[in-house]
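Going by full-length UniProt numbering, the letters in the sequence shown line up with residues 1 to 310, in that order.
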Amino acid sequence: MPRTVWKGAITFGLVHVPVVVYAAARSGRLDFDWIDRRDNAPVGYQRINKRTGKAIDAEYIVKGYEYEKGEYVFMNDEDFRQANTAATQTVDVLDFVEAAEVPLYYFDTPYYLAPDRRGEKGYVLLREVLRKSGRLGLAQVVLHTRQYLAALLPLGDALMLITMRYADEIVAADDLNLPHGKEHAPGAREMEMALRLVDDMTQSWDPERYRDEYRDDLLAAIDRKIESGKTHALAEPGEEAPRGSAKVIDLMSMLKQSIERRGGDGKAAPAKKTAKKAAKRAPRKTARKTPARKTAARKSSAASSRRKAA
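Okay, structure coming up:
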């Protein structure tokens with residue numbers, strides 16, 4: 001089942017069609033982890049506070065928009081939802097255009113649309129109208145905090161939504177040093193031979209003919225390393241210091257303040273001194289040592305498993 005991206009409705013005129021948006025593409029990219037070659041330990045990614053140099057949890061991070069140098073407006077998830085509630089819930093059809101009029105370089109990412117509850121009749125109506133008219137529906141939709149221009153078109157029994165680039169996102173070719181003029185024009189014989197070559201290479205569109213050959217070659221290289229025993233077991237990462245330690249420090253601070261404010265009877269100073277000593281005696285927790293490097297050869301059968309997983 002494709003991954004669900006969004007739920008809302010298509011609107012064109014007064015027609016309202018509840019739909020679910022599903023991802024229609026997946027990446028064929030091979031993912032490689034970062035590993036420290038000195039001890040085979042995995043290398044992680046951290047969110048670092050640039051002022052303190054310390055790692056922080058995702059819960060403390062907000063999105064900030066720099067409206068002036070060094071001045072920011074903070075935006076949370078609710079701000080994005082409330083900026084234009086209607087826009088975040090609809091695929092709003094603006095116009096219909098002839099499909100052949102839209103240059104291919106405007107198209108970006110494809111998604112499937114499926115009817116949601118009680119949306120079947122309107123869904124079929126829009127699908128068949130687009131099919132018979134040969135037109136695309138041009139719409140706007142908000143996905144992942146950004147509003148996209150998008151094309152609606154039929155694909156078999158499905159409606160497809162393809163996000164598009166806006167006109168100002170297309171870089172003009174005006175500044176490129178492109179050949180023109182008679183001195184660069186091909187001769188009649190050259191043009192004739194080139195057209196013959198194009199005719200000889202012309203095929204019916206069959207997407208199954210084309211593969212990512214570089215990806216296949218990488219997988220073959222990985223399989224050869226597995227079969228020859230050139231594999232490595234990762235070292236277990238050292239145990240991180242418990243995050244609760246920060247709460248202990250805060251708790252000590254609150255206890256000290258509570259003692260100092262108690263009654264004002266002159267006993268606050270000794271209590272403060274005791275608290276300091278207690279803080280000094282607090283044991284430090286250290287991370288476990290990283291285990292020695294491990295190296296293990298996997299069986300050659302892992303090669304086929306790796307190819308299946310990829």
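Beta carbons are placed, not taken as given, at the ideal position from N, Cα and C, and that holds for glycine.
Check your understanding: If we call anything under 8 Å between Cβ atoms a contact, is residue 375 one with R165?
Key -> Because the chain spans 1 through 310 in this model, residue 375 falls outside it and cannot be assessed.
Exercise for review: Please name the residue, chosen from D31, A24, V21, S27, that lies closest to I222 on a Cα-to-Cα basis.
Suggested key: Nearest option by C-alpha distance: D31.
Review point. Where does G122 fall in DSSP's three states?
Key: Helix, per DSSP.
Point to revise | Environment of D92 [buried if 16+ CB atoms lie within 10 Å] | key: Under this definition D92 is a buried residue.
Point to revise | V171 classed as buried or exposed, judged by whether at least 16 other C-beta atoms fall within 10 angstroms | key: Of the other Cβ atoms in all chains shown, fewer than 16 fall within 10 Å of the Cβ of V171; this residue is therefore exposed.
Point to revise | Whole-number beta carbon distance between G8 and Q89, since they are thought to touch under 8 Å | key: For Q89 against G8, the beta-carbon gap comes to about 4 Å, under 8 Å, which counts as contact.
Check your understanding: Would you say L161 and V21 are within 8 Å of each other, going by their C-beta atoms?
Key -> Taking 8 Å as the cut-off, the Cβ atoms of L161 and V21 count as close.
Check your understanding: Does DSSP put I222 in a helix, a strand or coil?
Key -> In the three-state reduction of the DSSP assignment, I222 falls in the helix class, which pools H, G and I.
Exercise for review: May I have the straight-line CA-CA distance separating W34 from S133, to the nearest angstrom?
Suggested key: Approximately 52 Å, taken between the alpha carbons.
Check your understanding: Can you check whether the CB of D116 is closer than 8 Å to the CB of V19?
Key -> Against a cut-off of 8 Å, the Cβ pair of D116 and V19 comes out as a contact.
Point to revise | Close beta carbons around Q46, own chain, < 8 Å, minus the five adjacent residues each side | key: If the five residues before and after Q46 are omitted, its C-beta is found closer than 8 Å to the C-beta atoms of A55, all from its own chain and listed in chain order.
Check your understanding: At what residue ranges does the UniProt domain "Ku" (53-181) contain a whole run of the beta strand (DSSP E), taking only runs of 3 or more?
Key -> Counting only runs of 3+ residues, the beta strand (DSSP E) found wholly inside the UniProt domain "Ku" (53-181) occupies 63-68, 71-75, 90-98, 107-115, 135-143, 146-155, 158-164, in chain order.
Review point. Can a CB atom of chain D be found closer than 8 Å to the CB of G28?
Key: The chain labelled as chain D is not found in the depicted structure, where only one protein chain is given.
**Study point:** C-beta atoms of L153 and L125 nearer than 8 Å
**Key:** Here L153 is not near L125, since their CB atoms are 8 Å or more apart.
Practice item. Measure how close the beta-carbons of Y60 and M75 come, nearest whole angstrom, since I'm counting them as under 8 Å. Key: That belief does not hold up - the Cβ atoms of Y60 and M75 are roughly 15 Å apart, past 8 Å.
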